[in-house]
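Engineer: Mind having a look at this structure? Questions to follow.
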Amino acid sequence: MLSPSVITTPVAIIGGGPAGLFAAEWLSQQGHQVHLFDAMPSVGRKFLQAGKGGMNLTHSEPFAAFISRYGDASTRLAPLLQAFGADALRQWAQSLGIETFVGSSGRVFPTDMKAAPLLRRWLERLRAQGVCLHMRHECLGWDPQGRLRFATPDGERWVDAQACLLALGGASWPRLGSTGRWREWLMANGIAVTPFAPSNCGLEIRWSELFKERFAGSPLKTLTLTVMSHTGDRITRQGECVITEHGMEGSLLYPFTPLIRQQLQQQGVAQFWLDLLPGRTLERVQKDLRLPRGAKSLSNHLRSRLGLEGAKAALLRECLSAEQMNDLSQLALLIKQLPVTVSALRPLAEAISTAGGVDFDTLNPDLMLNALPGVFCAGEMLDWEAPTGGYLLTACFSTGLHAAKGIDYWLRHGA
Numbered sequence: 001m002l003s004p005s006v007i008t009t010p011v012a013i014i015g016g017g018p019a020g021l022f023a024a025e026w027l028s029q030q031g032h033q034v035h036l037f038d039a040m041p042s043v044g045r046k047f048l049q050a051g052k053g054g055m056n057l058t059h060s061e062p063f064a065a066f067i068s069r070y071g072d073a074s075t076r077l078a079p080l081l082q083a084f085g086a087d088a089l090r091q092w093a094q095s096l097g098i099e100t101f102v103g104s105s106g107r108v109f110p111t112d113m114k115a116a117p118l119l120r121r122w123l124e125r126l127r128a129q130g131v132c133l134h135m136r137h138e139c140l141g142w143d144p145q146g147r148l149r150f151a152t153p154d155g156e157r158w159v160d161a162q163a164c165l166l167a168l169g170g171a172s173w174p175r176l177g178s179t180g181r182w183r184e185w186l187m188a189n190g191i192a193v194t195p196f197a198p199s200n201c202g203l204e205i206r207w208s209e210l211f212k213e214r215f216a217g218s219p220l221k222t223l224t225l226t227v228m229s230h231t232g233d234r235i236t237r238q239g240e241c242v243i244t245e246h247g248m249e250g251s252l253l254y255p256f257t258p259l260i261r262q263q264l265q266q267q268g269v270a271q272f273w274l275d276l277l278p279g280r281t282l283e284r285v286q287k288d289l290r291l292p293r294g295a296k297s298l299s300n301h302l303r304s305r306l307g308l309e310g311a312k313a314a315l316l317r318e319c320l321s322a323e324q325m326n327d328l329s330q331l332a333l334l335i336k337q338l339p340v341t342v343s344a345l346r347p348l349a350e351a352i353s354t355a356g357g358v359d360f361d362t363l364n365p366d367l368m369l370n371a372l373p374g375v376f377c378a379g380e381m382l383d384w385e386a387p388t389g390g391y392l393l394t395a396c397f398s399t400g401l402h403a404a405k406g407i408d409y410w411l412r413h414g415a
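Residue numbers for the sequence shown follow the UniProt record's numbering, beginning at 1 and rising by one.
Next comes the structure, spelled out in structure tokens:
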């Protein structure tokens with residue numbers, strides 16, 4: 001039997017990611033009837049995808065360091081993350097019977113490293129609390145009567161809600177549901193939305209054909225990367241990345257995306273520097289290079305004296321001229337500070353997350369749109385960004401909870 005074409009509910013939540021699901025959980029616990037809608041056949045698709053390499057829920061570092069990861073949005077998000085941060089997220093997972101542990105990097109994972117068991121138990125809780133889930137419902141905005149419009153396989157449906165939470169995600173991984181099409185109908189209603197840009201994404205670097213053919217897919221381990229900030233400060237981080245056909249990608253690069261994107265916007269290109277041997281001082285590298293090499297080739301000399309071989313050695317040759325390679329005093333400095341030029345960021349659809357979204361200045365402190373009373377926003381559709389490492393998920397949960405509390409207050413006092 002077909003569902004009625006009009007649903008009347010106190011609360012409609014649009015988007016079945018962590019922000020929307022967590023808001024639905026909290027609001028239903030307060031006694032509110034909640035209907036949650038998602039355009040995909042099932043909820044949590046990006047959540048499950050993110051967990052394929054190990055479900056990184058949050059990060060265990062001290063709060064001051066934690067909140068700094070949100071850059072320009074740190075001041076806005078700090079009170080929300082103080083109210084529900086890393087420790088609270090771990091306790092919530094435990095309430096579902098999911099134990100967590102802190103990895104060597106400080107990242108927090110479920111003990112089984114999987115997202116599916118957590119999501120399965122979460123959905124069991126939501127259904128037990130009476131949350132109604134509606135799949136294959138793509139939100140199209142509002143009709144002239146102020147009702148939410150949805151495209152469904154059975155035709156258009158309408159939802160008359162006293163309060164609505166938009167938790168529609170950004171514009172990365174559109175095949176999993178985060179298409180960003182909501183931007184058009186929000187802007188049509190006078191809402192300021194910052195244009196989307198890739199975040200936590202690969203970098204495009206113009207490799208030679210030979211280098212791409214031989215080394216695409218090769219890991220680069222134990223590197224230090226340095227980027228110059230707009231204030232002239234040198235920001236350095238150690239980690240790993242991977243050479244790709246188009247350039248580079250990996251966890252070492254992701255925290256630098258905002259700075260690299262800013263350089264690209266201002267200058268058309270961006271640059272960073274790699275220390276290929278962070279465990280050795282410049283003086284040590286210079287001394288080792290000056291050791292007699294006899295009949296050995298330069299490649300063998302680099303391998304035997306410095307341990308530079310494979311992808312690292314090839315990267316050195318790719319980025320330097322023959323003259324630079326044969327000037328040992330200059331070569332030592334470049335091994336410790338190899339310049340790499342970035343021509344672009346990889347496309348938005350490939351990014352792990354996005355920058356841009358609903359401008360915080362269009363929202364009141366409860367995350368309600370000033371121009372649309374009763375309509376709240378949460379999650380990645382807000383204009384903030386953060387590196388991988390659990391920061392993205394934690395902020396989705398915290399903004400979802402904060403908006404849910406705003407909805408609760410609105411229903412009791414403001415609607």
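All C-beta atoms, glycine included, are put in the ideal place defined by N, C-alpha and C.
#1: What does a CB cutoff of less than 8 Å around G279 pick up in its chain, not counting 5 residues either side in sequence?
#2: Return the residue from the list G190, E213, A314 and Q262 that minimises the CA-CA distance to T231.
#3: Count the other C-beta atoms from every protein chain shown that fall within 10 angstroms of the C-beta of I235, then say buried if there are 16 or more, exposed otherwise.
#4: Quick one: residues in its chain with C-beta nearer than 7 Å to the C-beta of L89, no 5 flanking neighbours on either side, listed in chain order?
#5: Which two residues bound the contiguous beta strand (DSSP E) that contains G141?
#6: Touch check for the stretch 159 to 173 and the stretch 16 to 27: three-plus C-beta pairs under 8 Å?
#7: Buried or exposed for F256, going by 16 or more other Cβ atoms inside 10 Å?
#8: Can you give the Cα-Cα distance for H402 and Q337, rounded to whole angstroms?
#9: The beta strand (DSSP E) spanning F63 covers which residue range?
#10: Figure out for me which residue from Q30, I7, M135 and F211 has the closest Cα to the Cα of residue 419.
#11: What residues in its chain sit with their C-beta under 7 Å from that of F215, if we drop five residues either side in the sequence?
#12: Between N364 and the rest of its own chain, which residues show a CB-CB distance below 7 Å, the 5 nearest in sequence each way excluded?
#13: What's the C-alpha gap between H246 and S208?
#14: Curious, which full-length beta strand (DSSP E) runs of at least 3 residues does the stretch 21 to 50 contain?
#15: Just checking my contact of L277 with A270 at CB under 8 Å: how many whole Å lie between their CB atoms?
#16: Can you list, in chain order, the residues of its chain with a C-beta nearer than 6 Å to that of A349? Leave out the 5 residues immediately preceding and following it.
#17: Among M381, Y409 and R412, which residue has its Cα nearest to the Cα of residue 421?
#18: Tell me the DSSP secondary structure of H185 in three-state form.
#19: Can you grab the Cα-Cα spacing for the pair V375 / L411, in whole Å?
#20: Which same chain residues, not among the five before or five after W182, have their C-beta less than 6 Å away from its C-beta?
#21: Between which two residues does the beta strand (DSSP E) holding E156 run?
#22: Check the C-beta distance from W158 over to V6 and give it rounded, since I have them as a contact under 8 Å.
#23: Where do the N-terminal and C-terminal ends of the alpha helix (DSSP H) with P79 fall, by residue?
#24: State the Cα-Cα distance for the pair T226 and A50, rounded to the nearest angstrom.
#25: From what residue to what residue does the beta strand (DSSP E) around T100 run?
#26: Grab the span of the alpha helix (DSSP H) containing I335 for me, first residue to last.
Structural biologist: With the given structure in hand:
#1: T222
#2: Q262
#3: exposed
#4: L57, T58, T394 and F397
#5: E138 to W142
#6: yes
#7: Buried is the call here.
#8: 44 Å
#9: No beta strand (DSSP E) holds F63; the alpha helix (DSSP H) holding it covers F63 to S68.
#10: Limits of the chain in this structure are 1 at one end and 415 at the other, which puts residue 419 out of reach.
#11: I243, A311 and A314
#12: N370
#13: 10 Å
#14: 34 to 37
#15: Not a contact, Cβ separation roughly 23 Å.
#16: Beyond the five residues adjoining it in sequence on each side, A349 comes within less than 6 Å, by CB distance, of P174 in the same chain, given in chain order.
#17: A question about residue 421 goes unanswered here, because the residues of the chain that appear run from 1 up to 415.
#18: The displayed chain sequence assigns Trp, not His, to residue 185. DSSP places W185 in helix when its eight states are reduced to three.
#19: In this structure, the CA atom of V375 is about 12 Å from the CA atom of L411.
#20: Excluding sequence positions up to five before and after W182, its CB lies within less than 6 Å of the CB of L168, all in the same chain and listed in chain order.
#21: G155 to L166
#22: Rounded, the Cβ-Cβ distance is 5 Å, consistent with contact.
#23: S74 to A83
#24: 27 Å
#25: T100 to V102
#26: For I335, the enclosing alpha helix (DSSP H) starts and ends at L328 to K336.
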